[in-house]
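The structure under discussion appears below in the form of structure tokens.
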Amino acid sequence: MYVLAALFVLYLFCSALTSSQGWPLDCTPRKTVPYHSDNGKLFRENDVWNYTTMALREDLGLIFLGTRGAIFALDINNINNKKASVRWGVTEKQQKECTYKGKDPEIDCQNYIRILHGTEDGRMYVCGTNAFHPMCDYMNYTDGQLIMHNNQEDGKGKCPFDPFQRYSSVWVDGELYSATSMNFLGSEPVVMRSSEDPIRTDFKSSWLNEPNFIYMDHIPESENSPDGDDDKVYLFFSETAVEYDFYHKLAVSRVARVCKGDLGGQRTLQRKWTSFVKARLECPVLKSQLPYLVQDVFRVCPAGWTTCVFYAIFTPQMHFSDHSAVCAYSMHDIKQVFTEGKFKTPVTVETSFVKWVMFSGDLPTPRPGACINGAARKQGITSSLDLPDKTLQFIRDRPLMDQVIEPMNNRPLLVKKGAAFTRIVVASVVALDGATYHVMFIGTATGSVLKAVNYAEDNTEETSIIEELQLFQSSEAIKIIRLSKSTGHLFAGSEVGVVQMPLSSCGRYTSCGDCVHARDPFCAWDLAAAQCISLSPVATQADSKLIQNLQNGDASGCPPPEMAKLVTRTFVPGNNVKLECEPISNLAKQDWYLGDKTLVLSDKYKVHNDSLMILNASAADAANYSCWSVERSHEHEYRWQKAKYQLTLGTNGDGRWVLPTSPQAQSSRQHLVSLQILVVLLSVMLALLVAWNFYKGHLTLPCKMGRGQAHTNSSRGEVANTQQPLQHTEEKTSAPAGNRNNNHANLENTISMDGHDDVSVI
């Protein structure tokens, strides 16, 4: 076991040395839009939190919003228009029971709405955590009011106990398919269909091993099926791998499926799925690192279920990297692995260790995990209850496929460094060229939304991020995203509120070149109106008034951009001069010109992303400067003069030009000023020190008597000073030193000395 673990670690290390990717490891957004209230409409109410459950009812023109303890019905065209609301909290008794089990009364022991599904009869099916005792109910929107039926039923197996545990669910033909936990501790994961005879997964680690459920969806594979196949429900999740031998619990991403018509087995797998199979999802972001884990999935089906593509976002486990990625998986590849791939089987190694290897034996008939199709019916098997025990025993012990499901083109569509990806939705847009483009809207952990486009052509993939828009001022993580095709809006929810934003804001592109280089499928430049407009669904490339080029970003059809207006700047020699030049995008570079020649960079000239710095400017720098923002797209280049300056010397009061000083003189002057400031500071400090000593009595001003004696001494002591200068000097200096802080003692000593001088003279 330890040898295998060591080999696996060695493999990861070697991969780190040899890994090479054919795609950039950090895709930069072309535009960055900071937070502004105009970015979208925010809905929130006081004392209401966790706006993380949504259901769009475009037939009613409403968006249903589930929060902590409340449900709202909002106008789908303007979420600030609240149509109705209903409170669904917990009773004091329920909250106390939850608290007794060790949960926080204000956080855990509340009712978090977790399931909102529209039913075939127009009602809404609603479930909440209900203080770790999940309950479900039906709800109607009638006459502008939300009305709960108050006929609550047990939500165990439908809704999570823990409000912060990942889960997933989908409503199919009157039945709820859910992936959550069955118990209070969250230790019994289950994938279940709630019906009169519920069907669920088996409580075995080979089926589900500490899973993190992400996404569920229904695929109508029975439509136009040549072999009479059944519909499927697909589940994306991550779990602790059983097939790898690692010194730490290693998580991997999975996709599983069950058949809609599955009724369980007759003897084996009674009331349990007979069609549950799963396979590992691969998203090779960094070959040298641990597997990335799936966080959200969105399905796009351009022309029927056979063309479906699942867009999935991945983030690293154990925080070993700060990259996030988007990988796309085709329905064809997933279906092929489940219908034709080989299985893994457990084998015992060294009497105690179990290793999963590829099963190479013969499969029982019908194929384990398969739905009841035309071939099975010909054998007299009309439902899963008729399946033989050999088929059921095989799938019970071996639900894992050996083959890994690779992404389209065997690589990610998008990799970005920075804030982790949290949620994704994808819009299909028909552009002027008649092609359909998939526009991804990706929520992040810092409250921003990335708008990225997949430009797929001739089996090649090119993805660029058009913009990154900050939706939440407080950088709250986006925890749910929904897309309304009818209104052209995106809805993003977080802990603090929900924001409604348009899918396109073409007005942000202020020039033809900027509009075309954005390569936004929603936008085109209108030559007649001279502005970037949202593209009409009926617009075609034949319209000569519109310019759009998504494949190459060719803006050659645009009129020449306007030249920048000349700005005159004056400066004082010896100072630094900053000339601003805002780039047209994050992908553009700046070209600066001095007169009509390219500015040669040096220690004197420093070019920043949005400016030019001229250090220690002199008279020689008085000239004309121009800045061009240059952006390339494939082989096409777009140049736009963004700024033009005329630098002139400033003048003094009498109108004379200020002459430049040499750097040495400038340096000497700066040192002189510094010295003057230092002298002033020291003088002030000395004055304060003297004043403080006078205040404390350490120093005294001479009194009147002292001044009289001094005058007497001056008249009498001239001869003494000539006869005994040394003796007089010693007495004058030593006598006061006996007690400097006693003024009376000083006075006595002075009188005694005067008497001594008189005697000496006589």
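Mapping of the sequence shown onto mature numbering (1 follows the signal peptide of the UniProt record, and there is no 0): residues -22 to -1, 1 to 740, in sequence order. Even glycine gets a Cβ: it sits at the ideal position worked out from N, Cα and C.
>> Using the three-state DSSP reduction, which class does residue 374 fall into: helix, strand or coil?
In response: In this structure, DSSP gives residue 374 a helical state, which the three-state scheme calls helix.
> By Cβ distance, which residues of its chain are closer than 8 Å to residue 637, with the 5 residues on each side in sequence left out?
Replying inline: Note that residue 637 has pLDDT 48, beneath the 50 cutoff, so the model's placement of it is unreliable and the number below is only indicative. Hits under 8 Å: 551, 597.
>> If you follow the alpha helix (DSSP H) that residue 318 is in, where does it begin and where does it stop?
In response: Residue range 309 to 318 is occupied by the alpha helix (DSSP H) that includes residue 318.
> In angstroms, rounded to a whole number, what distance separates the CA positions of residue 618 and residue 525?
Replying inline: Answer to the nearest angstrom: the Cα atoms are 18 Å apart.
> Given a threshold of 16 other Cβ atoms within 10 Å of its Cβ, counted over all protein chains shown, does residue 491 qualify as buried or as exposed?
Replying inline: That one is buried.
> What do you get for residue 99, buried or exposed, if any count of 16 or more other CB atoms within 10 angstroms of its CB means buried?
Replying inline: Classification for residue 99: exposed.
>> Runs of 4 residues minimum, wholly inside the stretch 333 to 413: which ones carry the alpha helix (DSSP H) assignment?
In response: Runs found: 352 to 356, 367 to 375.
>> Going by DSSP in three states, residue 573 sits in which element: helix, strand or coil?
In response: Reduced to three states, the DSSP call for residue 573 is coil.
> Among 84, 75, 113, which one has its Cα closest to the Cα of residue 91?
Replying inline: For residue 91, the nearest C-alpha among the options comes from 113.
> Helix, strand or coil: how does DSSP classify residue 495 here?
Replying inline: In this structure, residue 495 counts as helix in the three-state DSSP scheme.
> Of all the options 328, 275, 374, which has the alpha carbon lying nearest to the alpha carbon of residue 182?
Replying inline: Of the residues 328, 275, 374, the one whose Cα lies closest to the Cα of residue 182 is 374.
> Would you call residue 475 buried or exposed, if buried means 16 or more other Cβ atoms sit within 10 Å of its Cβ?
Replying inline: Counting the other CB atoms within 10 Å of its CB gives residue 475 a total of 16 or more, which places it among the buried residues.
> Is the stretch 565 to 584 in contact with the stretch 599 to 615, if contact means three or more CB pairs nearer than 8 Å?
Replying inline: Yes, since at least three Cβ pairs between the stretch 565 to 584 and the stretch 599 to 615 fall closer than 8 Å, the two stretches touch.
> Shortest alpha-carbon distance to residue 510 belongs to which of 483, 247, 193, 534?
Replying inline: Out of 483, 247, 193, 534, 483 has the C-alpha closest to the C-alpha of residue 510.
>> So, for residue 122: in the same chain, excluding its five sequence neighbours on each side, which residues have a beta-carbon less than 7 Å away from its beta-carbon?
In response: 61, 62.
>> Please report the straight-line C-alpha distance between residue 754 and residue 28, rounded to a whole angstrom.
In response: The structure shown does not extend to residue 754, since the chain is modelled only from -22 to 740, so the question has no answer here.
> Mapping DSSP to helix, strand and coil, what is residue 16?
Replying inline: The DSSP-derived three-state label of residue 16 is helix.
>> Let me make sure I understand the geometry here. Which of 287, 281, 169, 298 has the alpha-carbon closest to that of residue 236?
In response: For residue 236, the nearest C-alpha among the options comes from 169.
> Is there contact here, the stretch 228 to 248 with the stretch 345 to 356, by at least three beta-carbon pairs under 8 Å?
Replying inline: The stretch 228 to 248, when compared against the stretch 345 to 356, does touch it at the 8 Å Cβ threshold.
> When DSSP builds the beta bridges, which residues end up paired with residue 467?
Replying inline: Assignment of beta-bridge partners to residue 467 by DSSP yields 462, 480.
>> Using 8 Å as the threshold, is the C-beta distance between residue 414 and residue 426 below it?
In response: Judged by beta-carbon spacing, residue 426 lies beyond the 8 Å limit of residue 414, meaning their Cβ atoms are not closer than that value.
> Among 481, 502, 343, 370, which has the Cα closest to the Cα of residue 358?
Replying inline: Answer by Cα proximity: 343.
> Would you report the Cα separation of residue 40 and residue 276, rounded to the nearest angstrom?
Replying inline: Separation of residue 40 and residue 276 (C-alpha to C-alpha, rounded to the nearest whole angstrom) is 21 Å.
> Whose CA, out of 191, 268, 252, lies closest to the CA of residue 225?
Replying inline: Nearest option by C-alpha distance: 268.
> Does DSSP put residue 585 in a helix, a strand or coil?
Replying inline: DSSP places residue 585 in strand when its eight states are reduced to three.
> How would you label residue 301, buried or exposed, when you count the other beta carbons within 10 angstroms and need 16 or more for buried?
Replying inline: By the Cβ neighbour-count rule, residue 301 is buried, with 16 or more other Cβ atoms within 10 Å of its own.
> Quick one, are the C-beta atoms of residue 320 and residue 221 less than 8 Å apart?
Replying inline: Contact flag unset, no.
> Tell me the DSSP bridge mates of residue 51?
Replying inline: Beta-bridge pairing links residue 51 to 42, 62.
> Quick one: is residue 119 buried, meaning 16 or more other Cβ sit within 10 Å of its Cβ, or exposed?
Replying inline: With 16 or more Cβ atoms within 10 Å of its Cβ, residue 119 is classed as buried.
>> What residue range does the alpha helix (DSSP H) around residue 227 cover?
In response: Looking at the DSSP string, residue 227 is not in any alpha helix (DSSP H), and its letter there is neither H nor E.
>> Within the continuous alpha helix (DSSP H) that includes residue 440, where are the two ends?
In response: Segment: none, residue 440 is in no alpha helix (DSSP H) and carries neither H nor E.
> Within 10 angstroms of its Cβ, does residue 156 collect 16 or more other Cβ (buried), or is it exposed?
Replying inline: Classification of residue 156: buried, given that the 10 Å Cβ count is 16 or more.
> Is residue 671 helix, strand or coil when you go by DSSP?
Replying inline: Residue 671 falls in the helix class under three-state DSSP.
> Whose C-beta lies closer than 6 Å to the C-beta of residue 101 among residues of the same chain, with five residues either side of it excluded?
Replying inline: Within the same chain, residue 101 has close Cβ partners 116, 118.
>> Taking 6 Å as the limit between beta carbons, can you name the residues of its chain near residue 295, skipping five residues before and five after?
In response: Taking C-beta separations shorter than 6 Å and ignoring five residues to either side along the sequence, the partners of residue 295 in its chain run 229, 268, 271, following chain order.
> Do you know how far the Cα of residue 544 is from the Cα of residue 558?
Replying inline: Just so you know, the alpha carbons of residue 558 and residue 544 end up roughly 13 Å apart.
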